[in-house]
Amino acid sequence: MLIDTHAHLQFDPLKGDLDSILERAKNEGVGKIIVVGIDKESSEQAIKLAEKYENIFAAIGLHPQDSKKINGEDWNAIEEMTKHAKVIAIGETGLDYFKIYSPKEIQIEVFKKHIHLANQTGLPLIVHNRDADEDSLSILQNERAKHVVFHCYSSSLEFARRVWAAGYMTSFTGVVTYKKSDVLREVLKECPLEKIMVETDCPYLAPQKYRGGTNEPSYIIETVVEIAKQKGMEAREIEKLTTENAERFFSI
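Numbering (the numbering used here), first residue to last: 1428 to 1679.
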């Protein structure tokens, strides 16, 4: 069994063909999917999907790019959602300095609120980090975040070593299959087996075989095969260990 630890099934165009998408995922051995929210509405939608499908779980959070738009109502709603039985993580949250859609200081403030909520509830934290390595890691450590995954890992090997040393997880997408992703493949080669998880981040980041199209959970096998190649292991071994890592990390 495989676990897609980060999917946006509530987004277009996936939500319009969900039963077919879930059937294809099942056929490829994807047994569980974590649907991740990026704002109040998409977090609520993630919970609705988790209520409808036994093998779907929800993560709730407010994306850093939208930090400046967040109001008290949004945050109160997120706090209330943590009480739902199928909410298994906080996020995605974090910092995005690639394009500054929200001022850095506001992103940092909202990020810290998510960390505090994760610490209060005991839920793991899904971190979005883009061009913000130093701030992301220092804030997590200063705020004493415990159960953290850097989703869609895309930074350097040197930074990955620091992430692992802090006790945090790294999750990989179909980007590892891209022709120009040599740095990520170096990260994979060194990544401790207990620190690896896999995700699609669908509908985005389809693996090389499907690049340019809509990503979906069934394509996660492409990432597993690439990780196995870099590790000199069998795909079934990577499938087993990433599933065990995800089940342990998210308590599912």
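Just so you know, even glycine gets a beta-carbon here, dropped at the ideal spot from N, CA and C. Predicted model only: the values in this text are computed from it and were never measured.
- At a cut-off of 3 residues, the continuous stretches assigned as beta strand (DSSP E) that sit fully inside the segment 1611-1676 are 1623-1625.
- Under a 10 Å Cβ-count criterion, A1473 is classified as buried, with 16 or more other Cβ atoms of the shown protein chains found around its own Cβ.
- Of the residues I1465, G1443, L1632, V1625, the one whose Cα lies closest to the Cα of I1648 is V1625.
- Residue range 1429-1434 is occupied by the beta strand (DSSP E) that includes H1433, with no alpha helix (DSSP H) assigned at that position.
- For D1523, the uninterrupted beta strand (DSSP E) run begins and ends at 1514-1523, by DSSP.
- According to DSSP, residue pairing for N1556 in a beta bridge involves L1522.
- Taking 4 residues as the shortest admissible run, the segment 1435-1520 contains the following complete alpha helix (DSSP H) segments, listed from N- to C-terminal end: 1445-1454, 1467-1479, 1499-1508.
- The alpha-carbon of E1468 is positioned some 13 angstroms away from that of L1436.
- Only buried fits S1581, as 16 or more other CB atoms lie within 10 angstroms of its CB.
- A direct Cα-Cα distance of roughly 20 angstroms separates L1567 from I1527.
- Exclusion of the five residues before and after A1655 leaves E1661, A1662, E1664, I1665 as the residues of its chain whose Cβ lies within less than 8 angstroms of its Cβ.
- Fewer than three beta-carbon pairs drawn from the segment 1592-1610 and the segment 1472-1486 are found closer than 8 angstroms, and the two stretches are therefore not classed as touching.
- Non-local C-beta neighbours of L1668 in its own chain, meaning closer than 6 angstroms and more than five positions away in sequence, comprise L1620, ordered along the chain.
- Bounds of any beta strand (DSSP E) do not take in V1590; it lies within the alpha helix (DSSP H) bounded by 1584-1592.
- For T1600, the three-state secondary structure derived from DSSP is coil.
- Cβ-Cβ separation between L1429 and V1462: approximately 15 angstroms, too far for a contact (criterion under 8 angstroms).
- I1465 places its beta carbon 8 angstroms or farther from that of E1643.
- In terms of Cα proximity to F1676, the closest of H1490, S1598, A1587, L1584 is S1598.
- One thing to note: G1518 has its Cβ no nearer than 8 angstroms to the Cβ of G1549.
- With a 10 Å radius around the Cβ and a threshold of 16 neighbouring Cβ atoms, K1459 comes out buried.
- The residue among D1493, I1542, R1638 with its C-alpha nearest the C-alpha of E1570 is I1542.
- At a Cβ-Cβ threshold of 8 angstroms, P1630 and Y1646 do not count as neighbours.
- Bridge pairing for F1577: V1554, T1597 [DSSP].
- Rounded to the nearest angstrom, the gap between the Cα atoms of P1440 and G1640 is 11 angstroms.
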